[in-house]
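Participant: Dropping the structure in here first, questions after.
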Amino acid sequence: MLASHGFATYALPYFSYDDLPRDANNLDIEYFEEAIEWFMTHPNVKEDGVGIIASSFGVSLALHLAARAKNKIKASVCINGSDWLILHPISISGRKFDPLPSDISRAELSADGFMITKDLFFSEEKKCSSPSAQIPIEKMSCKLLYLASGDDHTFNSSECAMQICKRLKECGQENILENVVYQGAGHLLEPPYTTHCKHAYHKTYNVNLSFGGDAVNHAKAQEDAWNRIINFFANM
Numbered sequence: 000m001l002a003s004h005g006f007a008t009y010a011l012p013y014f015s016y017d018d019l020p021r022d023a024n025n026l027d028i029e030y031f032e033e034a035i036e037w038f039m040t041h042p043n044v045k046e047d048g049v050g051i052i053a054s055s056f057g058v059s060l061a062l063h064l065a066a067r068a069k070n071k072i073k074a075s076v077c078i079n080g081s082d083w084l085i086l087h088p089i090s091i092s093g094r095k096f097d098p099l100p101s102d103i104s105r106a107e108l109s110a111d112g113f114m115i116t117k118d119l120f121f122s123e124e125k126k127c128s129s130p131s132a133q134i135p136i137e138k139m140s141c142k143l144l145y146l147a148s149g150d151d152h153t154f155n156s157s158e159c160a161m162q163i164c165k166r167l168k169e170c171g172q173e174n175i176l177e178n179v180v181y182q183g184a185g186h187l188l189e190p191p192y193t194t195h196c197k198h199a200y201h202k203t204y205n206v207n208l209s210f211g212g213d214a215v216n217h218a219k220a221q222e223d224a225w226n227r228i229i230n231f232f233a234n235m
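In terms of numbering that gives the first Met the number 0, the sequence shown is residues 0 to 235.
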């Protein structure tokens with residue numbers, strides 16, 4: 000849909016596709032950096048940098064890339080993700096970084112029997128024991144649009160929004176951030192007029208997940224978010 004608005008667009012697969020690994024447990028950041036370099040050689044792509052849009056776990060990758068590839072990434076849209084590496088390890092320059100440990104005992108069940116995982120991560124104890132899982136967003140220089148859902152049952156995205164804002168302010172980089180929290184919206188913020196997915200079976204993790212949100216507020220959030228994303232990239 001971004002392409003329909005005149006943007007040169009490429010969706011990069013990174014696991015469970017063709018000859019790629021079946022899971023996301025052996026990711027190398029250089030794979031994504033090489034994809035950016037390749038994409039920038041396309042005649043319809045501006046030479047001065049590209050934009051990234053990512054959601055959920057993909058936000059961790061997008062923020063790592065934005066912190067590393069300063070001269071290649073001009074703007075990043077991050078939706079309901081974290082400034083900490085979560086769920087899967089990644090390799091950077093030959094060094095493996097493990098994700099922030101999760102605590103399954105903090106999971107809850109929704110009224111309709113789906114798992115709520117938003118409190119599995121980000122306890123102070125886990126953060127203190129895994130400082131290398133924190134993504135160095137202080138090194139970013141590109142513009143960042145961070146969209147969070149106030150009723151996200153998968154990650155505590157509104158808390159992540161506050162932490163990202165706090166960290167960037169502390170290093171004098173608050174001017175690069177546009178931060179929006181949508182009350183009543185769930186985890187899966189998609190383009191407007193797509194169906195609100197409140198819960199579903201997650202094939203990768205083999206669990207029935209609750210994504211949260213109510214239909215009305217989620218629909219309003221998707222419409223507003225899409226307009227913000229289009230305008231954000233148009234002004235790169």
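The C-beta atom is built at its ideal place from N, Cα and C for all residues, glycine as well.
(1) For S157 and E29, what's the separation of their Cα atoms in angstroms?
(2) Using DSSP with H/G/I as helix, E/B as strand and the rest coil, what is K138?
(3) Quick check on A110: does DSSP put it in helix, strand or coil?
(4) To which residues does DSSP link K95 through a beta bridge?
(5) Does the region 206-226 come close enough to the region 167-183 to have 3 or more Cβ pairs within less than 8 Å?
(6) If we count Cβ pairs, one from each stretch, closer than 8 Å, do we get three or more for the region 10-17 versus the region 26-40?
(7) Would you kindly check if the distance between the Cβ of S59 and the Cβ of L188 is under 8 Å?
(8) Taking the beta carbon of G80 as the centre, do at least 16 other beta carbons fall within 10 Å, making it buried, or is it exposed?
(9) Looking only at its chain, what residues have a beta carbon closer than 8 Å to the beta carbon of T8, apart from the 5 residues adjacent to it on each side?
(10) Helix, strand or coil for L144? Go by DSSP, reduced to three states.
(11) If the criterion is Cβ atoms closer than 8 Å, does the pair V44 and I72 meet it?
(12) Taking DSSP's pairing of strands, which residues face V76 in a bridge?
(13) By Cβ distance, which residues of its chain are closer than 6 Å to W225, with the 5 residues on each side in sequence left out?
(14) Compute the distance between the beta-carbons of I78 and L146, then report whether it is under 8 Å.
(15) Could you give the distance in angstroms between the alpha-carbon of E173 and the alpha-carbon of N234?
(16) In this structure, how does DSSP classify Q162 when only helix, strand and coil are distinguished?
(17) If you measure from the beta carbon of F232 to each beta carbon in chain D, is any gap under 8 Å?
Facilitator: Looking at the atomic coordinates:
(1) Numbered from 1 along the sequence shown, position 158 holds the residue referred to as residue 157. Numbered from 1 along the sequence shown, position 30 holds the residue referred to as residue 29. One C-alpha to the other measures close to 30 Å.
(2) Within the sequence shown, the letter at position 139 stands for residue 138. In this structure, K138 counts as helix in the three-state DSSP scheme.
(3) Taking the first residue of the sequence shown as 1, we reach residue 110 at position 111. The answer is coil: DSSP assigns A110 none of H, G, I, E or B.
(4) Along the sequence shown, read from residue 1 onward, the residue named residue 95 stands at position 96. According to DSSP, K95 bridges with S90.
(5) yes
(6) Yes, the region 10-17 touches the region 26-40.
(7) Start at 1 with the first residue of the sequence shown, and residue 188 comes out as number 189. Start at 1 with the first residue of the sequence shown, and residue 59 comes out as number 60. No. Outside cutoff.
(8) By 1-based counting over the sequence shown, the position of residue 80 is 81. Per the 10 Å Cβ criterion, buried.
(9) As a first step, residue 8 must be located in the sequence shown, where it is residue number 9. Excluding sequence neighbours, T8 sits near L1 and A2.
(10) Here the question's residue 144 lines up with position 145 in the sequence shown. Note: L144 maps to strand in three-state DSSP.
(11) Locating residue 44 in the sequence shown gives position 45, counting from the first residue. Locating residue 72 in the sequence shown gives position 73, counting from the first residue. Cβ atoms of V44 and I72: not closer than 8 Å.
(12) Here residue 76 refers to the residue found at position 77 of the sequence shown. DSSP lists I52 and L144 as partners of V76.
(13) Counting from 1 along the sequence shown, the entry for residue 225 is found at position 226. Excluding positions up to five away in sequence, the list reads P190 and P191.
(14) Translated into positions along the sequence shown, residue 78 becomes position 79. Translated into positions along the sequence shown, residue 146 becomes position 147. Against a cut-off of 8 Å, the Cβ pair of L146 and I78 comes out as a contact.
(15) Numbered from 1 along the sequence shown, position 174 holds the residue referred to as residue 173. Numbered from 1 along the sequence shown, position 235 holds the residue referred to as residue 234. Roughly 18 Å between the two C-alpha positions.
(16) Position 163 of the sequence shown, counted from the first residue, corresponds to residue 162. Three-state result, Q162: helix.
(17) You won't find chain D in this structure, because it holds only one protein chain.
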